[in-house]
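Heads up: the structure comes next, in structure tokens.
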Ligand code: ARG
Ligand code: ZN
Ligand code: CA
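In the UniProt record's numbering, the protein residues as written are 52 to 305.
This is the structure:
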């Protein structure tokens, strides 16, 4: 047992309009969500169907806004950048000052979160461990970030960041990213093999890939359901995140 990992976070707010320049309060509301979801203290784990309750696990990860910047000066952990870019894509442009975004802080010491307008219905995207440090971290749509301010239903409970940080800590989608087939795997043993992504607020059970009677673990953070319907990581997912935190991402907290 490694104990609780405390991860320093920098939030880069990259805004074209005053609304996109989200408040510190909205940023804090997101950090609060992460500190519930990654300690399994979120009250909505009560919504996990009884047959899956035993899978609910505590990742033992806490997040705090950085108090020291890369130069060693005090910071509130939030950078603010004004941009002329009207909707970023999934191409990492927002991660570079020279391209209308904001450069990453050293990825071996900070979890970089960029918050901006995204195009194409994208809620967010993440870089898996082992990639280039310049682009390491997570990007989130401003209206899917936190629980107040510009956050909009059904993505207004801060779960996009929970999901993307799952990827950042090496988790795959629970359906195994093979479209709707049954061959893909998330490389986690306790998550039932599932067909494709679930959306909205599914009714239990949703059986695919002969995973009856209980069906898909669609209430897991690594599915595509609405924020209100994703409420847990499994023990196997927690073990995978832990391996990442004690392996390639150990410098982040230890
Ligand atoms: N990368 C996914 C997307 O952009 C994120 C899904 C997050 N789901 C959620 N309920 N917040 O679609
Ligand atoms: Zn995803
Ligand atoms: Ca699986």
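Where is the CB? At the ideal position from N, CA and C, for every residue including glycine.
Q.
Since residue 64 and residue 134 should fall inside the 8 angstroms C-beta cutoff, what is the C-beta to C-beta distance between them, to a whole number of angstroms?
A. Not a contact, Cβ separation roughly 10 angstroms.
So if DSSP puts residue 163 in a beta bridge, which residue, or which two residues, is it bridged to? 61
>> Between residue 173 and ligand 1, is there a pair consisting of the residue's CB and a ligand heavy atom that are separated by less than 7 angstroms?
In response: Distance from the C-beta of residue 173 to the nearest heavy atom of ligand 1 is below 7 angstroms.
Need the endpoints of the beta strand (DSSP E) that residue 176 sits in, please.
175-177
Next on the checklist: Measuring CB atoms only, is the segment 73-82 touching the segment 192-208, in the sense that at least three cross pairs come out at less than 8 angstroms?
Outcome noted: Segments in contact, yes.
In DSSP terms, what residue 56 is bridged to
Paired residues: 112.
>> Between which two residues does the beta strand (DSSP E) holding residue 189 run?
In response: Segment 189-192, the beta strand (DSSP E) holding residue 189.
- Query: Should residue 87 be listed as close to ligand 1, given that the test is whether its C-beta is under 7 angstroms from any heavy atom?
  - Reply: Result no, Cβ not under 7 angstroms from ligand 1.
DSSP state of residue 284 mapped onto helix, strand, coil: coil
Using DSSP with H/G/I as helix, E/B as strand and the rest coil, what is residue 131? Strand at residue 131.
Self-check item: Same chain, Cβ closer than 6 angstroms to residue 219, five either side skipped, listed in chain order
Solution: 177 and 189
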